[in-house]
Every structure is written in C-alpha cells, then in structure tokens.
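Chemist:
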C-alpha cells in the first residue's frame, strides 16, 4: 500500500463539517455490525448534538487536501474516532489515536462496541486493555448495546531521584 502523509488539524466547522458527516455516515454501519441492528444508524447531522460531538476537542486528519478521518476527545476520554472506509488500513486511525492519547490525561479511556473487532484490535495494539463490559443505549434510537471500557496508562511516572 502507498501511505500518504496525514496532517492533523483543528476542526473548523465551516470547512470540515460536511467531510466529517460523510466520514461518520460511511463508517458507522461497519462499527455497528454485529453489535446493533442497522436501524440503529443515525446520520451525524441528526445525532451530533445528542451525542455531544462538539462538546469535545475535535481534530481532522487530512491527506492531499482530503479529510480522511476525525477524532474527538475530552480531558481523558477519546469519544469519537472515525476513518472513511476507503481510507481504512492506511494507519490514519492509528495516527489520530496516538495524537489523542498524547493530548489526554492518564489513563486514557475509550468506549467501544463489543463486536467492533477492528477498533478493539487497534486499541489493543496501542496498549489499551479492556477493563470492563457494560450495557448501554444508543441515543435517539434507544437501541441496547454492550460496550467495552478500554484504558491505557501511557504517561510515564517520573519520580524525583534527588
């Protein structure tokens, strides 16, 4: 595969909104597969307020002027991570994940649908571990799902040696 350099930039609503809607809406069905019926899919334009997307810090990943993915996080939780399916497998998700981990407090936490094996594999390969399984509900459609809470202790503890 030919991997292009990805730039990570601050999300600017006027410039990037349509792109992240397209990315979410293309990738979300794959995320739901095995965990929830496809009827649980809600386009980003209809769910972003209810799910608090813009409450968090949002960054986009751009390759050759095209937005290929986005990540959102608060002080210690990665709340959104999506890569357009046509750009998956190029390590863009890994780059956005590593970027977010560096910006969050320790431990970094993420909630993942229990059958989203691609995401679970990515998080595990970056040092996240499953710390618990919990039941939840997808907002708006009220579909029950099972999620894993995953955590990563990534910051080194520095002790005073003097």
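Residue numbers (our numbering): 69 to 230. We put the CB at the ideal spot given by N, CA and C, even for glycine.
#1: Quick check on DSSP: helix, strand or coil for residue 204?
#2: Using alpha carbons as the reference points, say which of 125, 151, 182, 114 lies closest to residue 140.
#3: Specify the secondary structure class of residue 219 as computed by DSSP and reduced to three states.
#4: Can you tell me which of the three DSSP states residue 145 falls into?
#5: Please state the DSSP three-state secondary structure of residue 110.
#6: Compare the C-alpha of residue 74 against each of 117, 142, 165 and name the closest.
#7: For residue 133, does the count of other Cβ atoms within 10 angstroms reach 16, so buried, or fall short, so exposed?
#8: Name the residue from 78, 87, 190, 103 whose alpha carbon lies nearest to the alpha carbon of residue 183.
#9: I need the straight-line Cα distance from residue 220 to residue 178, nearest angstrom please.
#10: Relative to the C-alpha of residue 197, which residue among 186, 130, 216, 207 is closest?
Modeler: Let me spell this out:
#1: strand
#2: 125
#3: strand
#4: strand
#5: coil
#6: 165
#7: exposed
#8: 103
#9: 9 Å
#10: 216
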